[in-house]
Amino acid sequence: MRVHIIGVGLIGGSFAVDIRNVFSEVQLVGVDNNPDHLQQALSLGIIDEIEEINDVRSSDLVIVAVPVDVSIPLIKQVLDLVEDQTLVIDTGSTKGKLCEALSTHPNRRNFLAAHPISGTEFSGPQAAVKDLYRNKTNIICEVEKTAFKLQERALELFQKLGMRICYMDPKSHDRHIAYVSHLSHISSFMLGKTVLEKEKDERNIFDLAGSGFASTVRLAKSSPAMWSPIFEQNKENVVEILKEYIQNLNMFKDLLENNDFEGVFNEMEKTNHIKSILNGII
């Protein structure tokens, strides 16, 4: 099997690592606009060779793991080039604009819109890890628009990587992901910003930050180059959830200002229900 990984960072690189682990005979080819990333991926053994975008004609599987602002024109270009038997999978965090843009492409049947809910705050080929996707949810959108034989190949791949499959339409995907992923990143970035602005002594941040702070701002270490386009493409949903989030923050502030600590307790106790939800998933 010949596999092209377009974007050899954390997401694409981790796919390459796991694909090599579960398929005995596979040739992994890297495509990236960053030559340093390609050389790193080659030296780390993540990929076997480096090629250009036009070489996807020879591919059995193309995995596109690039920022969402460049994914639409890039996937169109890939679909223009591939043969009938080639499966093209994307990994982006937004699906509405992508699926709409590809809806009339002559080779739409070669494409599967996927979003593996997995990752870390790190980026680049050196961040690629084994089993990043094991026991993680992979959201698939508009599966019915992918050729049936290519659907089967994709599901076989995901199953071998240990992923759970969830089917969703693109609009629902973008709305739900705004709540459970995009808002988390905004909260983390803005908490980090607030602390940096208020605590001018960086040594104090390092010395006094506990595990709670570290875990809450972990996502603020994520790549702005990846996340800024996500917020742009999912702007409507993100703005809607931000309004609700800000409303809850203001309500909590009002409780404190009014010395309503019973109300503070009740709000936190109600929210503790999130533990049972997450325990059921994890």
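Here numbering that gives the first Met the number 0 is used: position 78 in the sequence shown is 77, and no number is missing along the way.
Here a beta-carbon is modelled for each residue, glycine too, at the ideal position from N, C-alpha and C.
Query                                                                                                                                                         : Result
Going straight from the alpha carbon of residue 194 to that of residue 214, what length do you get?                                                           : 14 angstroms
Classify residue 45 as helix, strand or coil using the three-state DSSP reduction.                                                                            : coil
Cα separation between residue 43 and residue 238?                                                                                                             : 40 angstroms
What three-state label does DSSP hand residue 25 in the structure shown?                                                                                      : coil
I need the straight-line Cα distance from residue 287 to residue 211, nearest angstrom please.                                                                : In this structure the chain extends from 0 to 281, so residue 287 is not present and cannot be described.
If we define contact as Cβ-Cβ less than 8 angstroms, is residue 138 a contact residue for chain C?                                                            : The structure shown has no chain C; it contains just one protein chain.
Applying the 10 Å Cβ sphere with the 16-neighbour rule, what's the burial state of residue 32?                                                                : exposed
Taking DSSP as the reference, what is the three-state secondary structure of residue 1?                                                                       : strand
Excluding five sequence neighbours on each side, which residues of the same chain lie with their C-beta closer than 6 angstroms to the C-beta of residue 111? : 88, 145, 153
Where residue 60 and residue 2 are concerned, what is the direct C-alpha to C-alpha distance, given to the nearest angstrom?                                  : 5 angstroms
Would you identify the three-state DSSP class for residue 81, choosing helix, strand or coil?                                                                 : coil
Pick from 184, 120, 57, 162: whose alpha carbon is nearest that of residue 230?                                                                               : 184
Helix, strand or coil: how does DSSP classify residue 133 here?                                                                                               : coil
Tell me the start and end of each unbroken alpha helix (DSSP H) in the segment 168-228 that is at least 4 residues and wholly inside, in chain order.         : 169-176, 182-197, 201-207, 210-215
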